[in-house]
Every structure is written in structure tokens, then in C-alpha cells.
Amino acid sequence: QENEIKLLTAEIEHLKNFGCLGVSPSLEGLRDENAKLKYRLNFLRKSLQEERSKAAKSMININNCLQEIFGAAIQAAYPDLENPPLVVTPSQQPKFGDYQCNSAMGITQILLKTKEQKVSPREIAEKIAKNIPANECIEKVEIAGPGFINVHLRKDFVSKQLSSLLMNGVQPPAVGKRKKVVVDFSSPNIAKEMHVGHLRSTIIGESMCRLFEFAGYDVLRLNHLGDWGTQFGMLIAHLQDKFPDYLTVSPPIGDLQAFYKESKRRFDTEEEFKKRAYQCVVLLQSKNPDFIKAWELICDVSRKEFQKIYNCLDITLVERGESFYHDMMKDIVKEFEDKGFVQVDDGRKIVFVPGFPVPLTIMKSDGGYTYDTSDLAALKHRLHEEKADILIYVVDSGQSVHLQTVFAAGQMIGWYDPKVTRVAHAAFGVVLGEDKKKFKTRSGDTVRLIDLLEEGLKRAMDKLKDKERDKVLTAEELKAAQTSVAFGCIKYADLSHNRLNDYVFSFDKMLDDRGNTAAYLLYAFTRIRAIARLANINEQMLRKAAREEVLILDHEKEWKLGKCILRFPEILQKILEDLLLHTLCDYLYELATTFTEFYDNCYCVEKDRQSGQIVKVNMWRLLLCEATATVMAKGFDILGIKPVQRM
1 QENEIKLLTA EIEHLKNFGC LGVSPSLEGL RDENAKLKYR LNFLRKSLQE
51 ERSKAAKSMI NINNCLQEIF GAAIQAAYPD LENPPLVVTP SQQPKFGDYQ
101 CNSAMGITQI LLKTKEQKVS PREIAEKIAK NIPANECIEK VEIAGPGFIN
151 VHLRKDFVSK QLSSLLMNGV QPPAVGKRKK VVVDFSSPNI AKEMHVGHLR
201 STIIGESMCR LFEFAGYDVL RLNHLGDWGT QFGMLIAHLQ DKFPDYLTVS
251 PPIGDLQAFY KESKRRFDTE EEFKKRAYQC VVLLQSKNPD FIKAWELICD
301 VSRKEFQKIY NCLDITLVER GESFYHDMMK DIVKEFEDKG FVQVDDGRKI
351 VFVPGFPVPL TIMKSDGGYT YDTSDLAALK HRLHEEKADI LIYVVDSGQS
401 VHLQTVFAAG QMIGWYDPKV TRVAHAAFGV VLGEDKKKFK TRSGDTVRLI
451 DLLEEGLKRA MDKLKDKERD KVLTAEELKA AQTSVAFGCI KYADLSHNRL
501 NDYVFSFDKM LDDRGNTAAY LLYAFTRIRA IARLANINEQ MLRKAAREEV
551 LILDHEKEWK LGKCILRFPE ILQKILEDLL LHTLCDYLYE LATTFTEFYD
601 NCYCVEKDRQ SGQIVKVNMW RLLLCEATAT VMAKGFDILG IKPVQRM
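Okay, so the sequence shown: first residue is 1 according to UniProt numbering, each after it adds one.
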């Protein structure tokens, strides 16, 4: 933007002196051109100003700052090295400082390989340390062991960042150009109930969207419903038999699951019904209005059931099922044919993608399309019509080979360049029961998601009553605590596990208020929020203190907590790169336990032992409590967890 402003300013000067690109246009044309350029210049200046003010309020990613500092130091010390390793991590123990730069060992190897120079890592570390540029965050560095550079941060720098956080709230780290992100998640099938298998995609996808939105991206949340295909033939045929006047009277399909099972049983056992079902598919695909109406009725019943679950879990989605892409599929087949990628195998049209053993079937021998065709159509639409810069599919690991083949086919035909556009499969493992087998009911059926959520509500209320919360909370507060704990625990239990692994679903574990659970974190958060309230310090007083007080970080536990709070942007940056949300859960748990250490060792509010009267309020410590709670609240928001004021 700064460069464009310089160029535009020069161009306006050039216009003033007449002659645009060596041609002498009419005076009016010149005025017009001049006005356009000035408008563009003002727009750019304004947007640059906005960017700068936003950046000034953003939380600083300390790790990134240190990487820039050490990057410059390595460049100055070894200007001939191309892409030297840059490794900066938080220190695990206070005696090794606050952060460590571990680049010296890697540089030793490079010098040995490329220049045949044998230099000790310690010598390299000393040279890097000597070339560290002037900066506002490093107090001192020490060389330790074979060449680790231990970094000690400046207290006033950390204190200033905490004050900024308290005054501006948790502002996202600056991410540069506003990019478009499309996330495909949840994606249940019409006429089938959502089961526990849909839980992971729905929870993980929602949380990813919240993170990208917080970071300033333009996010489109897509629900790729299974709302098209041959199964609709049997459903419509069954609908016609059971509710012959469906076109004029809305059919009272109460239990769609039972309706689906009945039609499937008839399809498998009645030859005449099976034939009719196939005819219904043909009529539906040719857009016969009566059959479209029947299809819409069935979809609406499902939609209402899905929405109940989305409301419970606070999920927002834009529905765009397979039917949306149906009219595009013919062109997809033609495009692959025109480019010579299609082979015919026993009447089917197939596409082999280099590196993948199983081909994509883009047209069946009867002329029908497949999931492969609709997934290719969806990929192209998201890239070309939605203009996605980042495209994420939150789909179980079992679909991995299929999706990688579809992505590779998209690259092969030239729809996108992976160096420019990021297309990723955020895969996840299955939900297991406590017997470590696939999570099923006692009768061996898949667990219905709505039953699971209702069981969660019941168990959360039992837990609150065990703790006698019903005696101290109003009915309204108790209800809020129940939904917060029930749905918070179900979400957190999922998100706190590495999504790539299978995870064991256990209500007892997730409702335990000890250890890394939502129950523990929600309780810790409520306690932190209560500290200022019990000291009669209101929000206005805290805001005033944030502007005027210097946060003293002399006690080792204050220092540890202050640094932990400021690691939040680093954590978010890492997740934006690897899409692993359990890192945020681990961080929130670390923050809560670090806070407990601080609170046990540092008095925030001092009371008279006899009377219990407040003698002294250590305001800077209350501000540390407030900063902790502010970061925790934003972490909860990204995870889709709603804390409560009283618990």
C-alpha cells in the first residue's frame, strides 16, 4: 500500500505537468483521470491508517518478534547463508530464560556440508548474539550448553503488552491481506438422523470457523448435505404410498429414521416397489415439479431435526448440499473429456490421477453421476466462484484417500496451484466407547446425537446437584450452568484430543472438575471473575486502573503468569497453520494452572484475619486476574464454550 501511495502521488504530479503516457489528452480527460487517482490515493491512505491503528491494538506475537530479531542477527553474522534454520521456542524451565534460540546447531551442519568449515555451535551462537539488533523486548541473552541462546525478556516490555491487552481487549494478531476461507463441515445425510459420528465434524468445523473469523478472515461455513441421489427414489415412492395427498396436505412424518428404514426394507424385498423407486429417481433428476415437491418435503423434515442439534451446540452453517452442484456435473465431465483425462472402462467414464491407484468414476455406465463428480463440482465452484484462498474439509480420516485424489485431480486439470491456494483435509478419528470399540448403544445401534446431548444435560444437572449448587443458584442460573457444563464438556472432550486420533467418549471423565476438562476450566474461570467482584471492584474501576497502573511483575509467579497470558497469539498462529485445536485446550489448561500457582502465592486482596474486612487491594494483581479471564473468555469463544458468571 505504501508503495502504491508513492506511485500514485508521483502520477498525480505527472498529470499536473501535463501529458499522460506521452499523449496530450483533453483537459477534461485529464481532470477525470486526476480525480480518479486522488480518490484511489485517499482510499489507500485511509485503509493504511486503519491497518496501522488495528496493528497498534493487536496482541504482539512475541515468538514472531524474536524470530525477526534472530533472523536479522543470523543474516548479519552469516550473510552468505541461504535460508538458515530459525528455531525459537518458549523455554521449559525458568533457569533457561524465557525463550530459546536453537539455530546454532543447524548452522554448524550447513557450514560443514556446504563450505566444509568446522565451527562449534557455541562459537556460532556467540556470533549471532553479538549481531542482535537493538529492540524493545530482549533484556539479555546467555549462551548455554553446546550453543543454546537463552533469551530473557524485558519486564517493562511484558508489562506494557499486558496493559495494552487490558485496554484494547484481546485483539487478533495481524494476518495481512483479508483472505477468503471456505470450511466444509458437519454434512449429515437427509432422511437419516445425525449420530455420534457427525459430532466431531460439527464441533471441530465450528471451532475452526470461529478461529479464522477472529483472525480477520472472510469465512464461509458450508454444510455439504447428502440431499441428492438414488435413495430419494425409494423415499418418494414410499411417500406416495403412505401419504397420497402429500401435494396438498403436508405429510406428518414424525420419525424420519423409521420412514427411511421402512422404505429401505420395501426396496430390498418388493421388486415392483424397487422398479418404481428407480422411475422416481429419473423423474426427480429431470426436475418434474411433483417430485421436486416430494423431495423438498423430505428435506424439510430432516432440516428441522438437524437444526435442533445446531441450536443446542450453537452452530452456524450455510446449507449447500449435493443437489446444489447437480447442474454443474455435465460440464465437469466435459472438461475432463476435452483435456483428454477420461478413459472408458466397461461403460464407465473414469479419470486416473498420477500417484493414486484408484481412479475417480465421473460417470456411471447408466449415465448417472457419482460422489466423485459432485465432489469435483464442489471443489471447482469453491475455488472459482467463491474464490477461496483457503479451503478446509473437516471430514473423517476414512475419506482421506478419496479427498486427496479429488484435490490432486483439481490440480492436474489446472483449477488451482497449491503454492497459491491452500486446500486441506482436516481429518479426524472415530469416537470410541469406554470399551475402546466404536461407540454404539447396548443394542448395537449407532448413538443418536440428540440422545447424547440430552444425556449430557441430565448428567450435568446431577453433578451440579451433587455439589449442592441448586441451593445457592437461582433457577435461571442453575439452568445456565447446566447447559454451559453439558455442552461445554462434550465440545471440550472432543477438541482437547488431537483430532487425528480416535477418542474415548466418557461422561464421567468429561464432567470431572479435576484435570484438563471443561468442568475444571469453567469453574476456574468463574472463580477468577469473582475475585474483583468480591473485593467490590467494578469494571469501570478496572478500566481506570488498566490505564493508570503499571503491572509489577516482581514475584516469579506474577512473571510466569504474565508471559503465559501473552503466549495466546503464538498458540492461535500455530493452529491457523496446522489446524490442531487441542493446542488451544492445552494452553487454556496451562493458563488456568499457572493462574492457580499465582493466586496461591500472591495476595490479590488482603483481609484482616479476625474481622475478615478488606485491608488492602493489590490492584496490579487484580489486573493480572482480569487479563487471564479476558484471554480465557476468548479461548472459550473460539472453542464454542459459553462460560457463566455464577456456578
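C-beta: ideal position from N, C-alpha, C; glycine also.
Nothing here was measured: the structure is a model prediction, and the numbers come from that model.
| Check | Outcome |
| --- | --- |
| 9 angstroms Cβ cutoff met for D389 and T421 | yes |
| Contacts around K607, its chain only, beta-carbon distance under 7 angstroms, and the 5 residues preceding and following it disregarded | Q613, I614 and V615 |
| Helix, strand or coil at F148 according to DSSP, with G and I counted as helix | strand |
| Touch test, the segment 64–83 against the segment 100–112, Cβ-Cβ under 8 angstroms, three pairs minimum | yes |
| 4 or more residues per run - each alpha helix (DSSP H) lying fully within the segment 300–325 | none |
| Spatially closest choice to K276 from T316, L511, G233 and V318, by CA coordinates | Before going on, a small fix: residue 276 reads as Arg here, not Lys. Taking only the C-alpha atoms, the option nearest R276 is G233. |
| H497 - DSSP class collapsed to helix/strand/coil | coil |
| Whole-angstrom distance between S506 and K467, CA atom to CA atom | 20 angstroms |
| C-beta contact flag for S164 and V394 at 9 angstroms | no |
| Segment limits, beta strand (DSSP E) that includes C101 | Y99 to C101 |
| DSSP three-state assignment for A424, whether helix, strand or coil | strand |
| Unbroken alpha helix (DSSP H) run spanning K458, endpoints | L449 to D466 |
| Whole-angstrom C-beta distance between A633 and L521, which should lie under 8 angstroms | Contact flag wrong, Cβ pair sits at about 11 angstroms. |
| Sufficient close CB pairs (3 or more, under 8 angstroms) joining the segment 579–593 to the segment 487–501 | yes |
| Buried versus exposed call for S24 [16 or more other C-beta atoms within 10 Å across all chains shown] | Residue placement at S24 cannot be trusted, given a pLDDT of 44 that sits under 50; what the coordinates show is reported in the next sentence. So S24 counts as exposed. |
| Q117 at chain B interface by Cβ criterion, 9 angstroms | Absence of chain B from the displayed structure is noted, only one protein chain being present. |
| Local Cβ density within 10 Å of V644, reported as buried at 16 or more and exposed below that | buried |
| Own chain partners of E477 with C-beta closer than 6 angstroms, once the 5 adjacent residues on each side are dropped | R646 |
| Span separating the alpha-carbon of residue 650 from that of M510 | The first residue shown for the chain is 1 and the last is 647, placing residue 650 beyond what the model contains. |
| P90 beta carbon less than 9 angstroms from that of P569 | no |
| Exposure label - T628; buried when at least 16 CB within 10 Å | buried |
| Beta strand (DSSP E) segment containing Y393, residue limits | I390 to Y393 |
| Beta-bridge pairing of V183 - partner residues as DSSP gives them | R221 and I392 |
| Run of the beta strand (DSSP E) containing T517, from where it starts to where it stops | Neither: T517 is in no beta strand (DSSP E) and is coded neither H nor E. |
| Own chain residues within Cβ distance below 8 angstroms of T108, not counting five before or after | V119, S120, P121, I124 and G147 |
| Range of the contiguous beta strand (DSSP E) that encloses L360 | L360 to M363 |
| M167 beta carbon near the ligand ZN (any heavy atom closer than 8 angstroms) | By its list of ligands, the structure shown contains no ligand whatsoever, and the ligand ZN lies outside what it can speak to. |
| Whole-number beta carbon distance between F487 and C312, since they are thought to touch under 8 angstroms | 6 angstroms |
| Nearest candidate by alpha-carbon position, reference Y587, set V617, V504 and K574 | K574 |
| Which of helix, strand or coil DSSP assigns to T370 | coil |
| Per DSSP, cross-strand counterpart(s) of V88 | C101 |
| Top-ranked residue by Cα proximity to K330, from F291, D372 and I298 | D372 |
| Beta-carbon gap between L464 and A481 smaller than 9 angstroms | yes |
| Option nearest V170 by Cα separation, candidates E136, E626 and K642 | E626 |
| Exposure of L639, with buried meaning 16 or more beta-carbon neighbours within 10 Å | buried |
| Close-in-space but distant-in-sequence residues of the same chain around C604 (CB under 7 angstroms, 5 per side omitted) | I531, N618, R621, L622 and C625 |
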